[in-house]
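Q: Quick note on our numbering: the sequence shown kicks off at 144 and runs consecutively.
Virtual Cβ for every residue (Gly too), placed ideally from N, Cα, C.
This one's a predicted model, so the numbers in the text were calculated from it and none came from an experiment.
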Amino acid sequence: NRYLKGEWTSADRMVYCMFQPKTHILNSNEVEVNYKQFKRTFISVDYGGDHPTAILLISVNYQGVYIISKNWKLRNTAPSDIVQKLAEIVDYIISCGVVCSNIFVDPSAKGLKDEMTKRGLEYTNALNNHLDGIGCIQTKLSTNSLFILDSCSELIEEIYSYRYKDNTTGKDEVVKVGDDFVDSMRYGVYTDSVISR
144 NRYLKGEWTS
154 ADRMVYCMFQ
164 PKTHILNSNE
174 VEVNYKQFKR
184 TFISVDYGGD
194 HPTAILLISV
204 NYQGVYIISK
214 NWKLRNTAPS
224 DIVQKLAEIV
234 DYIISCGVVC
244 SNIFVDPSAK
254 GLKDEMTKRG
264 LEYTNALNNH
274 LDGIGCIQTK
284 LSTNSLFILD
294 SCSELIEEIY
304 SYRYKDNTTG
314 KDEVVKVGDD
324 FVDSMRYGVY
334 TDSVISR
C-alpha cells in the first residue's frame, strides 16, 4: 500500500524493510527468464503438515544474483501429491533445457522426504538457522542480489506481512503466521549461498 498506492503505512518491525518493490519486483511482461542463462536453477520447499506447502523455483546467475520466478501453494495436500508436483516442476525445468541442480527441503519434513526417496527424487536438507537465514536474505535485498517476478504474488504478500514480534526481551523473534513462502525463500537462497561458497 505504501509503495504502490501511496498510502501511509508503517514498516515498523517489518523483517525485510529493505525490500523495495520498484527495485526488487521484476515485471514478467518485460523480463524473460531464460533458465539456460543461469548458473543454477533449483526448487525450495517449505512443507506444511498443518499449514500450506510453499514451493519456489529459484535461479542464480554467474554474478551470484538470485531470481525467484515461480511459486506454488499446495493446501491440505498429501506428501505423495506434493512429490508428484515436485516431479512435474523438475520435468518443466528439464523442458527448458537445463537440469534441476537441487531440491532444498524443510529439514523437519520426514514424511515428504520419505516419499521423495520412494519416487527417486534426490533432495538436500535445507539449513534452518533463522537468524543467519534471515540475515542472508536481508543482505541479498540490501545489495540488490535478490529479485522476484511479479507473478510470485503470494511470496510478495508475505514479505510485506512478515514481522518481528513486539516484545521486551531484546530478542528478534518473527511472528510465525503466514510465513510459508518467506520460509521457503530463506531455505533456498540461504542454503544455496552457503553450500556454493
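For the alpha helix (DSSP H) that contains Ser339, what are its first and last residues?
A: No alpha helix (DSSP H) contains Ser339, which DSSP labels as neither H nor E.
Q: Looking at the secondary structure, which residues open and close the alpha helix (DSSP H) in which Leu298 lies?
A: Segment 296-304, the alpha helix (DSSP H) holding Leu298.
Q: At what residue ranges does the segment 188-274 contain a whole run of the alpha helix (DSSP H), taking only runs of 4 or more?
A: DSSP runs (the alpha helix (DSSP H)) wholly in the segment 188-274: 222-238, 253-262.
Q: Confirm, please, whether the CB-CB distance from Leu169 to Phe324 is below 7 angstroms.
A: Contact flag unset, no.
Q: Where does Leu292 land, buried or exposed, given buried means 16+ other C-beta within 10 angstroms?
A: Buried, since its Cβ has 16 or more Cβ neighbours within 10 Å.
Q: Do you know how far the Cα of Asp309 is from the Cα of Asp335?
A: Those two C-alpha atoms are separated by around 31 angstroms.
Q: Check whether the Cβ of Ser212 lies closer than 7 angstroms to any Cβ atom in chain B.
A: In the structure shown, chain B cannot be found, because there is only a single protein chain.
Q: Return the chain-ordered list of same chain residues with a C-beta closer than 7 angstroms to the C-beta of Leu181, the five sequence neighbours on each side being excluded.
A: Per the sequence shown, residue 181 should be read as Phe rather than Leu. These residues qualify, in order along the chain: Ser202, Val203, Asn204.
Q: Taking Pro195 and Leu229 to be in contact with their CB atoms under 8 angstroms, please state how far apart those CB atoms are, rounded to whole angstroms.
A: Rounded, the Cβ-Cβ distance is 15 angstroms, inconsistent with contact.
Q: Just the Cα atoms here: how many angstroms apart are Gln206 and Asn287?
A: The straight-line gap from Cα to Cα measures roughly 12 angstroms.
Q: Just how far apart, CA to CA, sit Arg145 and Pro164?
A: The pLDDT assigned to Arg145 is 48, lower than 50, so where the model puts this residue is not dependable; a value taken from the coordinates is nonetheless given after this. About 10 angstroms.
Q: Asn214 and Cys295 - do their beta-carbons sit closer together than 7 angstroms?
A: For Cys295 and Asn214, yes; Cβs fall inside 7 angstroms.
Q: So, for Gly321: in the same chain, excluding its five sequence neighbours on each side, which residues have a beta-carbon less than 7 angstroms away from its beta-carbon?
A: Contacts found: Glu301, Ser304.
Q: Taking the alpha helix (DSSP H) that Thr286 falls in, what are its first and last residues?
A: Note, Thr286: premise wrong, no alpha helix (DSSP H); not H, not E.
Q: How big is the Cα-Cα spacing for Asn219 and Gly240?
A: In a straight line, the C-alpha of Asn219 is about 32 angstroms away from that of Gly240.
Q: Just the C-alpha distance for Gly191 and Asn172, rounded to the nearest angstrom, thanks.
A: Distance between the alpha carbons of Gly191 and Asn172 is about 31 angstroms.
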